[in-house]
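Order-wise, the sequence lines are chains A and B.
Plus 30 on top of the position in the first sequence (first one is 1) and you've got the numbering used here.
Plus 30 on top of the position in the second sequence (first one is 1) and you've got the numbering used here.
Where a beta carbon is used, it is the ideal one built from N, C-alpha and C, also for glycine.
In what follows, a structure is listed as structure tokens, so that the remarks can point back to it.
2 protein chains.
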Amino acid sequence: MAEPETEHPTGQASEPGPRRGRPGHDQETVLRRAVDLFNRQGYDATSMGDLARELGFTKSAIYHHVPSKAHLLAEALDEALDELTAVVEEAVTHADGLSAEERLRHTVRRSVEVLVAHQPAVTLLLRVRGNSDVELAAQRRRRELDARLADLVRAAVAEGSLRDDVDPDVVSRLLFGMVNSLVEWYRPGGSVDAAVLSDAVATIAFDGLTRPAPHQS
Amino acid sequence: MAEPETEHPTGQASEPGPRRGRPGHDQETVLRRAVDLFNRQGYDATSMGDLARELGFTKSAIYHHVPSKAHLLAEALDEALDELTAVVEEAVTHADGLSAEERLRHTVRRSVEVLVAHQPAVTLLLRVRGNSDVELAAQRRRRELDARLADLVRAAVAEGSLRDDVDPDVVSRLLFGMVNSLVEWYRPGGSVDAAVLSDAVATIAFDGLTRPAPHQS
DNA sequence: CCTACCGATCGGTAGG
DNA sequence: CCTACCGATCGGTAGG
Chain A
31 MAEPETEHPT GQASEPGPRR GRPGHDQETV LRRAVDLFNR QGYDATSMGD
81 LARELGFTKS AIYHHVPSKA HLLAEALDEA LDELTAVVEE AVTHADGLSA
131 EERLRHTVRR SVEVLVAHQP AVTLLLRVRG NSDVELAAQR RRRELDARLA
181 DLVRAAVAEG SLRDDVDPDV VSRLLFGMVN SLVEWYRPGG SVDAAVLSDA
231 VATIAFDGLT RPAPHQS
Chain B
31 MAEPETEHPT GQASEPGPRR GRPGHDQETV LRRAVDLFNR QGYDATSMGD
81 LARELGFTKS AIYHHVPSKA HLLAEALDEA LDELTAVVEE AVTHADGLSA
131 EERLRHTVRR SVEVLVAHQP AVTLLLRVRG NSDVELAAQR RRRELDARLA
181 DLVRAAVAEG SLRDDVDPDV VSRLLFGMVN SLVEWYRPGG SVDAAVLSDA
231 VATIAFDGLT RPAPHQS
């Protein structure tokens, strides 16, 4: 009664509110550390106690910053889904005079960029199992994205740019399976440059691993 | 002292023993159902109570068949690792007169076959987070396999079969990232035939998505 | 005396 | 931001 607590009915409480508490211990910090822990140990294997230890304060103190464990997960999944949705929207709205293949190539490159820039959030998204309402909602959004990516691939096959001897849906799954596998090993600031990686993925996906023949010769 | 109990210090107890109990309720059944549940919900999110409900008997009854939850995980991870190790061994021992590229192509095809034939076990392996001794041991074995696959790719690049304009380690990660992504969607008995899939993966990986030019014309 | 279980509960720890 | 707790459930085991 005495304390002006912000209400937090599990899943709501989206207003950031004014900065408060010690600097570096705000919602963003809690979220970032939480996502890192979720990725290292798995969401279910990570307790709020683990997160508290990581942050250097008590479990209860976390609930001053965030309403629930599920809220942290939801924020991260939304981040990843919003970014990936933007990529797909680009491919559709910036259609201009571009061929389907060009739009697909652009989508692959931009997807790699998003995976690199938002690696922790995207990693979490790709591991979601549907164990809660938050996870089920994220899975639905992700399936929608996958369907639109498959449409892009089908368009590129129909236009004659991509090989038609493999089922377009299989092509789509393998292509974005390769792209998504980046989250398993790519670490920002590592030995592989992001732009170089984006090139490598596009090259391998579209042109294959086999050494190109050196001008007939 | 009086009772001749089989010992099972968490992680051992590998002897199958003679068939006993009601048919369909043996160790193999428990393991299969457990792995399915682990994949659907995640290992940590699955309780032995969940597994008991799934099997139609009580939680305690499970411990008549298996020593621990961790043992079920270990059995499945060993299945996947043994199969994948055999694939890599083949590529090395059956070297004969084969080029590195031929050995790599064979490895990719055989890997797809193993992923298809042992999808549940391999899925579990690919999701291991290192949260226990069992998981850490599996991760070590997997890293060893990845290193040997990277050696194969490097050999194919060195021999001149594969493109050298992309870092071989990146090539290796992307190639097997694509292969491994199969576990996310492939289901035995579905619309995609296993042999067709094996061809599709090899074709896309080595020759790329781009439609092959129709004889210069 | 065996197997295949059961109802109940152990000591700890989860999210809140 | 803490101490002190809650209702529930965890993996595993007791006696019968």
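Quiz item: Of the residues A235(B), G190(B), Q71(B), L156(B), which one's Cα is nearest the Cα of R203(A)?
Solution: A235(B)
Quiz item: Which word fits T88(B), buried or exposed, when buried means at least 16 other C-beta atoms lie within 10 angstroms of its C-beta?
Solution: In this structure T88(B) is exposed. Its beta-carbon is surrounded by fewer than 16 other beta-carbon atoms within 10 angstroms.
Quiz item: With 16 as the cutoff for other CB atoms within 10 Å, does L166(B) come out buried or exposed?
Solution: Answer is exposed; the Cβ neighbour count stays below 16.
Quiz item: Quick one: is T73(A) near chain B, going by C-beta distance under 9 Å?
Solution: The question names Thr, but residue 73(A) is Tyr in the sequence shown. Interface residue, yes.
Practice problem: Could you name the residues of the segment 139 to 159 of chain B whose beta carbon sits closer than 8 Å to any beta carbon of chain A, in the order they occur along the chain? | Solution: R157, R159
Quiz item: With burial defined as no fewer than 16 other Cβ atoms inside 10 Å of the residue's Cβ, what is the status of R52(A): buried or exposed?
Solution: Its pLDDT being 44, under 50, R52(A) is placed unreliably by the model, and the measurement read from it follows with that caveat. That one is exposed.
Self-check item: Partners in chain A for V200(B), counting only beta-carbon separations shorter than 8 Å
Solution: V222, L227, A230
Quiz item: Could you give the distance in angstroms between the alpha-carbon of F206(A) and the alpha-carbon of V138(A)?
Solution: As the crow flies, the alpha-carbon of F206(A) is around 8 Å from that of V138(A).
Exercise. From the DSSP output, in three-state form, read off L292(A) for me.
Key: Not covered by the structure: residue 292(A). The range shown for chain A is 31 to 247.
Quiz item: Would you call the CB atoms of L154(B) and L107(B) closer than 9 Å?
Solution: yes
Practice problem: State yes or no: is the C-beta of L145(A) within less than 9 Å of the C-beta of L192(B)? | Solution: no
Quiz item: Where H136(B) and D56(A) are concerned, what is the direct C-alpha to C-alpha distance, given to the nearest angstrom?
Solution: 52 Å
Quiz item: Considering only C-alpha positions, which residue in the set D80(A), D181(A), A147(A), A243(A) is nearest to K99(A)?
Solution: Of the candidates D80(A), D181(A), A147(A), A243(A), the one whose C-alpha sits nearest the C-alpha of K99(A) is D80(A).
Quiz item: Can a CB atom of chain A be found closer than 9 Å to the CB of Q170(B)?
Solution: Strictly speaking, residue 170(B) in this sequence is Arg, with Gln absent from that position. Not closer than 9 Å to any Cβ of chain A, the Cβ of R170(B) fails to qualify, so no.
Quiz item: CB V209(A) to CB V226(A), shorter than 9 Å?
Solution: no
Quiz item: Under a three-way DSSP split, which group does T76(A) fall into?
Solution: Coil.
Quiz item: For A188(B), is the classification buried or exposed, using 16 other Cβ atoms within 10 angstroms of its Cβ as the cut-off for buried?
Solution: exposed
Self-check item: the segment 117 to 128 of chain B touching the segment 171 to 186 of chain B, judged by at least three CB pairs closer than 8 Å
Solution: The segment 117 to 128 of chain B, when compared against the segment 171 to 186 of chain B, does touch it at the 8 Å Cβ threshold.
Quiz item: Any Cβ of chain A within less than 9 Å of the Cβ of G86(B)?
Solution: Chain A contact via Cβ: absent.
Exercise. Tell me whether the beta-carbon of L114(B) lies closer than 9 Å to the beta-carbon of Y73(B).
Key: no
Quiz item: Taking a cut of 7 Å between CB atoms, which residues from the segment 163 to 190 of chain A lie near chain B?
Solution: Residues of the segment 163 to 190 of chain A with a C-beta atom less than 7 Å from some C-beta of chain B are G190, listed in chain order.
Self-check item: Ranges of the beta strand (DSSP E) found wholly within the segment 133 to 176 of chain B, counting only runs of at least 3
Solution: DSSP runs (the beta strand (DSSP E)) wholly in the segment 133 to 176 of chain B: none.
Practice problem: Below 7 Å CB to CB, which residues in the same chain sit around E105(B) once its five sequence neighbours on both sides are set aside? | Solution: L61
Quiz item: Hey, how far is the Cα of Q71(A) from the Cα of D163(A)?
Solution: In a straight line, the C-alpha of Q71(A) is about 21 Å away from that of D163(A).
Practice problem: Return helix, strand or coil for T240(B), following the three-state DSSP convention. | Solution: strand
Quiz item: Run through DSSP, which three-state label would G207(A) get?
Solution: helix
Quiz item: Expressed to the nearest angstrom, what Euclidean distance is found between the alpha-carbon atoms of Y93(B) and A130(B)?
Solution: 48 Å
Quiz item: Mind checking G173(A): buried by the 16 CB within 10 Å criterion, or exposed?
Solution: Residue 173(A) is actually Arg in this sequence, not Gly. The residue is exposed, with fewer than 16 neighbouring Cβ atoms inside 10 Å.
Quiz prompt | Cut-off 7 Å between Cβ atoms - residues of its own chain near V142(A), not counting five sequence neighbours on either side | solution = Closer than 7 Å at the Cβ level, and outside the excluded window around V142(A), lie V209, L212, L227, S228, V231.
Quiz item: Using a C-beta cutoff of 9 Å, does E214(A) count as contacting chain B?
Solution: yes
Quiz item: Between the beta-carbon of V96(A) and the beta-carbon of A64(A), is there less than 9 Å?
Solution: yes
Practice problem: Give me the Cβ distance between Y147(B) and A110(B), rounded to the nearest whole Å; I'm assuming they're in contact under 8 Å. | Solution: In the sequence under discussion, the amino acid at residue 147(B) is Ala, which differs from the Tyr named in the question. Wrong, their Cβ atoms sit about 11 Å apart, outside the cutoff.
Practice problem: Note the first and the last residue of the continuous alpha helix (DSSP H) segment covering T115(A). | Solution: Run containing T115(A): 99 to 123, per the alpha helix (DSSP H) assignment.
Practice problem: Kindly say whether M208(A), judged by its beta-carbon, lies nearer than 9 Å to any beta-carbon of chain B. | Solution: yes
Self-check item: Interface flag, P242(A) vs chain B, CB-CB below 9 Å
Solution: yes
Self-check item: Whole-Å CB distance - Q27(A) paired with Y216(A), under 8 Å assumed
Solution: For chain A, the structure presents residues 31 to 247; residue 27(A) sits outside this window and is missing.
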